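Counting from 1, one number per residue, gives the positions in the sequence shown under our numbering.
Structure first, commentary second.
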Amino acid sequence: MPKDDDLRIGVFICECGTNIAGSIDVDAVVEVAQKQPNVVFATKNLYTCSEPGQQAIKKAITEHKLNRVVVAACSPRMHEPTFRTCVKEVGMNPYLVDMANIREQCSWVHIGDRKGATEKAIDIMKAYVGRARYLQPQEETRIPVKQAALVIGGGVAGMQSALDMADAGYKVTLVEKEPSLGGLMAQLAKTYPTMDCAI
Ligand code: SF4
């Protein structure tokens, strides 16, 4: 973890054509971003996920020695992998980039309220810049998975799950804290529609 003074955060505000810029004053968000603690570079991009957008991020990382990146754009479900790969290509740990959602959670839901949407986008951006201070590099590892299952609870759901997985070819261990299987079902005297004993 760099000390506070060594943090160099870059902020990239995406216009997404008019998807974001149509509802949010992106220049105002950039202006506030430039004044945030440890932010050494902030800019806007027409389409940050495009090739020119990604090149702009890489260039800024190199030129401004960024060690944290915040992309204020769409949902991380859309492009988090894109930006992780992007920063990795210039040597930054991919977990030092974060995405602030100012599209699905802001511009799209506040169409017609440009002032309110801009204020909210600024708040979201500030929160993610604050969060970027605590991002830590992470290493991905692969571990072998044992093809076996443990089912805890021998009620109807547990027994059926265990049977289904066993039928699919997995070794299954079923554990139950009570002396007999059946769970709540076993306590019923009769069950609909046959009115048979539950056991
Ligand atoms: S990064 Fe997301 S918000 Fe920006 S242009 Fe691409 S899809 Fe649109």
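Think of the CB as a built atom: it goes at the ideal place given N, C-alpha and C, for glycine as much as any other residue.
Nothing here was measured: the structure is a model prediction, and the numbers come from that model.
Give, in chain order, every unbroken run of the alpha helix (DSSP H) that is at least 4 residues long and sits entirely within the stretch 109-171. 114-132 and 156-167
Flag I20 as yes when its Cβ comes closer than 7 Å to any non-hydrogen atom of ligand 1, and as no otherwise. yes
Taking the C-alpha atoms as reference points, what is the distance between A162 and V151? Answer to the nearest angstrom: the Cα atoms are 6 Å apart.
Mark A72 as exposed unless 16 or more other C-beta atoms lie within 10 angstroms of its C-beta, in which case mark it buried. buried
List in chain order: all unbroken alpha helix (DSSP H) runs of 4+ residues lying wholly within the stretch 37-120. 51-64 and 76-88
Among the candidates I122, Y170 and K146, whose CA atom is the shortest distance from the CA of V30? I122
Where G17 falls: helix, strand or coil (DSSP): coil
Taking only three categories from DSSP, how would you classify L202? Outside the shown range of the chain (1 to 199) lies residue 202, about which nothing can therefore be said.
Hey, is H110 close to ligand 1, as in C-beta under 7 Å from one of its heavy atoms? no
What residue does the alpha helix (DSSP H) around E178 start on, and which one ends it? Segment: none, E178 is in no alpha helix (DSSP H) and carries neither H nor E.
Cβ neighbour criterion (16 or more within 10 Å) applied to K171: exposed
Where D98 falls, given that 16 or more other Cβ within 10 Å makes a residue buried: Burial call: buried.
Is the stretch 21-30 close to the stretch 48-58, with three or more CB pairs under 8 Å? no
Give every residue of the same chain whose Cβ lies closer than 8 Å to the Cβ of W108, excluding the five residues on either side of it in the sequence, and list them in chain order. N19 and S23
Quick one: what's got a C-beta closer than 6 Å to A166's C-beta in the same chain, skipping five residues either side? V172
Distance between beta carbons of F83 and A60, contact taken as under 8 Å: Under the criterion of beta carbons closer than 8 Å, A60 and F83 do not qualify as touching, at roughly 13 Å.
Is any non-hydrogen atom of ligand 1 found closer than 7 Å to the C-beta of T48, if you look at the structure I gave you? yes
Could you have a look at D25 and say whether DSSP puts it in helix, strand or coil? coil
So, at 7 Å on beta carbons, what are the nonlocal neighbours of V39 in its own chain, with the 5 sequence-adjacent residues on each side left out? I9, V11, A33 and V129
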